[in-house]
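A.B. asks: Chains as they are written, first to last, in my numbering: chain A, 416 to 555; chain B, 230 to 375. Dumping the structure here so I can ask a few things about it.
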């Protein structure tokens, strides 16, 4: 059980938002935690050598951070039963200034029969949408 | 181009991965989780879980362990230097918790061509030590054409 009453929800309602500040430290931390040591996520020279404008965040870091908006709303990470995203654009992380990723969560669909809510997450960095079809189904 | 004949091919079960409490905390910190159920044993137990709950995307660690078999499969013919992560999904039967010992089996769900590019989708089923399904991780990689 959660504190959220499904009957009180409306499609389109905003459930929360957060601006995540990614730095190079964040990328190294995620590399270590996930085991994804692709150098495009921490070496400018390597990123440029493969034709990128610079170091970019792991898509999985953006995905993992974005869902926290839904987790914070429901209060329990174990209630996220289905979560998917499309990686549409990279998040470039400047060595000095980092990058901000703004995530906004809204109620996308309500399933009274199964007591689930789909939260649609929008994620953007420098006004560019970086995740598409980011949807988390929450078991209430 | 990825060989379309590998559609439906299954790869051998991976070696068990033991989910550690500190790994859950480390991963939770890395994805900016501040939720106590990811960090604090008492909070997790108070919420009815046997141990710390892993963040919703933690299963990527298990998926990653299943990928090398297909990426190095000469039959599949995937040029990893041209791979971009297209999309990702995790469907949980139950959350992953610290103490779980997880194995996985990867199946190539589909291979599609889009102009010069190939799109290959993997379904990785993740099982606990009782062989019960915990999570299905679905990942699509885009292999850019020459």
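By construction, the Cβ of each residue, glycine as well, lies at the ideal position given by its N, Cα and C atoms. It should be emphasised that the depicted structure is a prediction, and the values quoted were computed from it without experimental measurement.
Name the DSSP bridge partner or partners of residue 542 (chain A)?
C.D. replies: The residue labelled residue 542 (chain A) in the question sits at position 127 within the first chain. Looking at the DSSP assignment, residue 542 (chain A) forms no beta bridge with any residue, so it has no partner.
A.B. asks: Hey, does residue 366 (chain B) have any beta-carbon neighbour from chain A nearer than 8 Å?
C.D. replies: Locating residue 366 (chain B) in the second chain gives position 137, where the first residue counts as 1. For residue 366 (chain B), the answer is no, since every Cβ of chain A falls outside 8 Å of its Cβ.
A.B. asks: Measure the CB-CB distance between residue 256 (chain B) and residue 485 (chain A) and report whether it falls below 8 Å.
C.D. replies: The sequence position of residue 256 (chain B) within the second chain is 27, counting from 1. The sequence position of residue 485 (chain A) within the first chain is 70, counting from 1. Not closer than 8 Å, so no.
A.B. asks: Check whether the segment 510 to 523 of chain A touches the segment 434 to 443 of chain A, counting contact only when three or more Cβ pairs, one atom from each stretch, lie closer than 8 Å.
C.D. replies: Touching, per the Cβ criterion.
A.B. asks: Check whether the segment 327 to 341 of chain B touches the segment 238 to 256 of chain B, counting contact only when three or more Cβ pairs, one atom from each stretch, lie closer than 8 Å.
C.D. replies: At 8 Å Cβ cutoff, the stretches touch.
A.B. asks: Less than 8 Å separating the beta-carbons of residue 326 (chain B) and residue 269 (chain B)?
C.D. replies: Taking the first residue of the second chain as 1, we reach residue 326 (chain B) at position 97. Taking the first residue of the second chain as 1, we reach residue 269 (chain B) at position 40. No, Cβ-Cβ distance for residue 326 (chain B) and residue 269 (chain B) is not below 8 Å.
A.B. asks: Are the beta-carbon atoms of residue 319 (chain B) and residue 286 (chain B) separated by less than 8 Å?
C.D. replies: Counted from its first residue, the second chain places residue 319 (chain B) at position 90. Counted from its first residue, the second chain places residue 286 (chain B) at position 57. Cβ atoms of residue 319 (chain B) and residue 286 (chain B): closer than 8 Å.
A.B. asks: Bridge partners for residue 553 (chain A) per DSSP, in chain order?
C.D. replies: Mapped onto the first chain, residue 553 (chain A) falls at position 138. According to DSSP, residue 553 (chain A) bridges with A:495, A:532.
A.B. asks: Would you verify that the beta carbon of residue 462 (chain A) is, or is not, closer than 8 Å to some beta carbon of chain B?
C.D. replies: Residue numbering aside, residue 462 (chain A) sits at position 47 when the first chain is read from its first letter. No, its Cβ sits nowhere closer than 8 Å to a Cβ of chain B.
A.B. asks: Taking only beta-carbon positions, decide if residue 259 (chain B) is within less than 8 Å of chain A.
C.D. replies: The residue labelled residue 259 (chain B) in the question sits at position 30 within the second chain. Output row for residue 259 (chain B): interface = yes.
A.B. asks: Can you confirm whether residue 242 (chain B), when its beta carbon is compared against all beta carbons of chain A, has any partner nearer than 8 Å?
C.D. replies: Taking the second chain and counting its residues from 1, one reaches residue 242 (chain B) at position 13. Chain A contact via Cβ: absent.
A.B. asks: Starting from residue 480 (chain A), find everything on chain B with Cβ-Cβ shorter than 7 Å and list it in chain order.
C.D. replies: Start at 1 with the first residue of the first chain, and residue 480 (chain A) comes out as number 65. Chain B residues near residue 480 (chain A): 260, 261.
A.B. asks: Return the chain-ordered list of same chain residues with a C-beta closer than 6 Å to the C-beta of residue 265 (chain B), the five sequence neighbours on each side being excluded.
C.D. replies: For the purposes of this step, residue 265 (chain B) is taken as residue 36 along the second chain, with counting starting at 1. If we look at residue 265 (chain B) and ignore the five residues flanking it on each side, its Cβ neighbours are 272.
A.B. asks: Strictly under 8 Å for the Cβ-Cβ distance: is residue 492 (chain A) near chain B by that measure?
C.D. replies: Your numbering for residue 492 (chain A) matches position 77 in the first chain. So, interface residue.
A.B. asks: What in chain A is Cβ-close to residue 255 (chain B), meaning under 9 Å?
C.D. replies: As a working note, residue 255 (chain B) is residue 26 in the second chain. Those within 9 Å of residue 255 (chain B) in chain A are 444, 447, 448.
A.B. asks: Counting only runs of 4+ residues fully inside the segment 420 to 482 of chain A, write out the alpha helix (DSSP H) ranges in chain order.
C.D. replies: The segment 420 to 482 of chain A contains these whole alpha helix (DSSP H) runs: 439 to 449, 459 to 464, 474 to 481.
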